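If you read the sequence shown in my numbering, its first letter stands for residue 18, the second for the next number, and so on. Step one of this worksheet: look at the structure below.
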Amino acid sequence: MMGYPVQHISLESSSDTCHTLLFPCSEATCKLKAKFNLSGYKNVEKKKVVIGGMFPVHKRIASTDGNTSRVPVSSGCEGFNFRTFRWTQTMLFAIDEINSRDDLLPNTDLGYVIYDSCFTISKAVEGTLTYLTGQDEAVPNYRCGTGAPLAALVGAGGSDLSIATARILGLYHFPQVSYCSTCSALESKFQFPTFLRTIPNDKHQSTAIAQLVLHFGWTWVGTIAADDDYGKYGIKDFKEQVEEAGVCISFSETLPKVSSPEAIKRIVQTVVAATAKIIVVFSSDVDLSPLIAELLRHNVTNRTWIASEAWVTSALINEPGVSSLLGGTIGFGIKRAEIPDLQRHLLDVDPYDDTLTEEFWETLFNCTLDYSRALKLAKQGAMEVNGTLSRAAKEVPNGLCTGKEPLAQLNNTYTDVSQLRITYSVYKAVYAVAHALHNLEYCVEGQGPFNGNDCANITNFEPWQLMYYLKNVHYKVPHTGEEVYFNEGDVEGFYDIINWQFNHNGEISYITVGHYNASAALEDRMTIMNDSIVWNNDILKPPRSVCSENCRPGTRKGIRQGEPVCCFDCIPCADGEISNTTDARECILCSEDDWSNEAHDACVPKIIEFLAFGEPLGITLIAISAFGALVTIAVGVVLLVNIGTPLVKANDALLSFSLLFSLVVTFLCSIVFLGEPQDWSCMTSQVALALGFALCLSSIMGKAAVLMLRAQALKAVRAKSKAAAKAAKAAAEAAANSGNPDANTNNNNNINVSDNPEVDTLSCGHQRAIAAVATLIQAIACTVWLIILPPHRVKNTSAQNIKIILECDIGSIVFICCIFAYDILLALVAFIFAFIARKLEDHISEGKSMTFGMLVFFIVWISFVPAYLSTRGKFMVAVQIFAILASSFGLLTCIFLPKCYVLLVKPERNTEEVMRPRTKPRDGSSTGTSASLATTATEVTTTATTSIDD
């Protein structure tokens, strides 16, 4: 034994021959320190090779009082397990079958030593040490006796038990073949070099359960594991895989190995309070049964249980009324097989052969095979009933077994051979050892695997030699034909998927609804018939188990702070964002030209908006614009027809026509603003508007300038005339007083010479030059604008989320501000000129008309600014067009309506005489028109002369 000193432990029986497992001890004195209380089967007499076995026939060791004041006694076992007793009988059956065969170990009789591990590590260790010692008294590190060689140990039950025994057996390179130890930790050949098993590794089962959970879309599951290596490693591997796939663990509980009602109740409370409807249980049936009983007492329903292979077909769990709790359970079971003649062997047991079978019989039939004990129990029962002993109790006690009870008539776990799964694994393990022994025995000398091609001797071989043959064994199981071989100590991972289905009587049926083959391709590993599964409460539809319902398209997951990722809120995607998948983690931003639909699950093209020609508003604006242009042309025609009249000639007819032309341009340019914007229309509309208003305002400015100067001139003339009249009157009075009429004549002549006013300092050429230059400046600015940064079409996607507004980008804010600031400057100058000339009164009051026209112009455009800024989309264009049309109609109406009224309605007023000013008011503030400015001076002179004559 490497790293361990050989200990010489004395044995009281000095006659026994003791040998260490590594080398013989000469004249050793052995002293027995303790004697183990083991039960089981033993048949080694006249046997060539002995196979060991270990089975958890009992569920637990009996409790002790813990008194240390007396000699310790090895604890006994309690809680007989019919299922594991069947496994024990299967090993005996397999050995008997092998011994009777002629093709397998024909010259070798196999013996056996089988111990009850009581589902407890301490008992498993006791059995292992006793088995290695070769006698009932265990002597660690010694093999005492000269009996048949020990071949291998089949056992020791659960993973915890096998781990304990494997560590001991590994020290001596002693083979161990397990039939139900599935823990993935046992695959380590460094820790367990001689461990093999005929049951799949739990890493396959954990993967299979994880795939089952993912297959049904369960994202919120609870886990319960036994407090041993089987449960801990199995659940650990499962949790790692499902959590990586996005599944969350609602709760994780551990089943106590030692009876603990408080712990069981706490687990029940957790299960009841949890929202997870799927519970994965990695546990043996022994550890799980207390929890099932407590759950039944609390009437827990509406849960789906996922079973590991250790309890998926266990009758220990199948208690009365369990259908409401475990109906619909789905789990994984190892391969099932039929073993001919096994049931006959199970029914042929003799209750008097050994203590284990005797206990089995007494437990099964609730009686005792011990007459004295039966009599004692009968007496106690009689005394409790009537205080006296009945005659029947004195003769044949009622609790006495006859040993002839009808075992075959009982519906018992022991006799049930419909679900031989671990039983079949036991059968395979025994045959694996037998085939390894057969290969060892029939090794051809000189072709052996050991030093110098040696072979081992079947009557005297070392454990490590048999281990070689076990690792390389490859055989077919009798009756089933299954090929068995070990791959690094493990077999292939194949499972049946089993569904618990109950009939109306509450009887359970284990229905195979699929398979899992770990050796197949990933996509082909699990096949499951969903339609064949009956879930809890006889529902055919798979249950849902989620912490939060799936987030539909149009929403995204919002993780709840401090909770698992499976617990989330579904947050609607913001406007302009979508999610087109279920449980989207993030919303997708739509492209610039798209927008989210109402459900936020798809991007749809944005509505393209512009003020179209064909829509009602567009048609209305076109009609108004056309009407304005036609009216303007009509006015021009009227003026052209009357071009020779005093009214038309009064203030440069050409400027009037240029003004009318500019108004036609502004009316028609508003139409260019309509329709889908194009680069050319953007440039045309803006430039035409700027030039049209520039020409219009410059023409008004030219006309108003003349009127202003005429008003100023007339004002000066009238001031002089008033002064002259006063002087003349004073002179006349002086002459009358002096009696000299010549003085009057001389003064009158002086007045006539001095009163010749200067009229129209601005000629028509000057007016036209003013209008032309002002318009030319604007034209140059617009040309530069078009060359450097011209207006162009753009898609405005930011103004309104759901729309793409096709509009014109002005190109440069500086240019547009300069250009329209220039128009505003022209308007202000024209307004000032017209306002000054407003007192130049005649029958049409042209100065006042221009003043009112400019006031309308300013009011319209001042109102336009807030209205334009408060609108969006195509209505901005509509507001702009309304402003253009309103200002144009205002100018047209205020300036040309009075003239058209005279020309068309009152043509008799269109004469030079009528154009003269009206009677001067008392205050002397009356003014004249341009048509009568020349006559005004003459009248002033005449007035003065009359005064003198008088």
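Every residue gets a Cβ at the ideal spot worked out from N, C-alpha and C, and that includes glycine. Computed from a predicted structure; not experimentally measured.
- Nearest in C-alpha terms to Ile347, of all of Ile550, Asn534 and Thr419, is Ile550.
- Per DSSP, reduced to three states, the secondary structure at Trp322 is strand.
- Taking a 10 Å sphere around the C-beta of Asn124, we find fewer than 16 other C-beta atoms and assign the residue as exposed.
- Take Phe255, set aside five residues on each side of it, and the residues of its chain with a beta-carbon closer than 6 Å to its own are Ser223, Ile226 and Ala227, in chain order.
- In the DSSP assignment, Arg77 falls within the beta strand (DSSP E) that extends over His75 to Ile78.
- One thing to note: Val501 has its Cβ within 8 Å of the Cβ of Lys445.
- Taking the CA atoms as reference points, Ile138 sits about 5 Å from Leu178.
- Sequence-distant Cβ neighbours of Val67 in its own chain, meaning closer than 8 Å and more than five residues away, are Val61, Leu127, Gly128, Tyr129, Val130, Gly164, Ala165, Pro166, Leu167 and Ala168.
- The C-beta distance from Val74 to Asp113 rounds to 19 Å, too long to meet the 8 Å contact threshold.
- Bounds of the beta strand (DSSP E) holding Phe519 are Phe511 to Phe519.
- The C-alpha of Ile819 is placed about 11 Å away from the C-alpha of Cys620.
- When the Cα atoms are used, Asp120 and Gln518 turn out to be separated by approximately 43 Å.
- Ile180 and Leu203 have their alpha carbons spaced roughly 7 Å apart.
- DSSP, read as helix, strand or coil, puts Val366 in coil.
- Annotated three-state conformation of Leu691 is coil, per DSSP.
- When Cβ pairs closer than 8 Å are counted between the two stretches, the stretch 896 to 914 is seen to touch the stretch 871 to 884, the count reaching three or more.
- Ile576 and Gly263 have their alpha carbons spaced roughly 13 Å apart.
- When secondary structure is reduced to three states using DSSP, Trp552 falls in the coil class, being assigned neither helix nor strand.
- Secondary structure remark: continuous alpha helix (DSSP H) runs of at least 4 residues inside the stretch 300 to 350, in chain order: 302 to 314 and 340 to 343.
- The alpha helix (DSSP H) runs lying completely inside the stretch 91 to 158 and spanning 4 residues or more are 99 to 116 and 138 to 150, given in chain order.
- Around Thr318, the same chain offers Ser341 as residues with beta carbons nearer than 6 Å, after the five sequence neighbours per side are excluded.
- Per the Cβ contact rule, the stretch 435 to 444 is in contact with the stretch 188 to 202 (3 or more Cβ pairs under 8 Å).
- Going by DSSP, Glu257 is part of the alpha helix (DSSP H) stretching over Asp246 to Glu261.
- With 16 or more other Cβ atoms inside 10 Å of its own Cβ, Tyr250 counts as buried.
- Between the alpha carbons of Asp246 and Thr330 lies a distance of about 21 Å.
- Around the beta carbon of Leu914, a 10 Å sphere encloses fewer than 16 other beta carbons of the protein chains shown; the residue is thus reported as exposed.
- A Cβ-Cβ contact shorter than 8 Å links Ser596 with Gly571.
- Boundaries of the alpha helix (DSSP H) around Trp802: Cys781 to Ile805.
- Assigned with DSSP and collapsed to three states, Ser698 falls in helix.
- The alpha carbon of Gln208 has as its nearest neighbour, out of Thr215, Ser698 and Tyr189, the alpha carbon of Tyr189.
- Here the alpha carbon of Thr211 sits roughly 7 Å from the alpha carbon of Met484.
- CA-CA distance, Ala243 to Arg561, rounds to 26 Å.
- In summary, Pro368 is buried, with 16 or more beta-carbon neighbours lying within 10 Å of its beta-carbon over all protein chains present.
- Between Glu462 and Arg214, the alpha-carbon positions lie close to 30 Å from each other.
- Of the candidates Leu122, Gly579 and Gly890, the residue whose Cα lies closest to the Cα of Leu454 is Leu122.
- Collapsing the DSSP output to three states places Arg855 in a helix.
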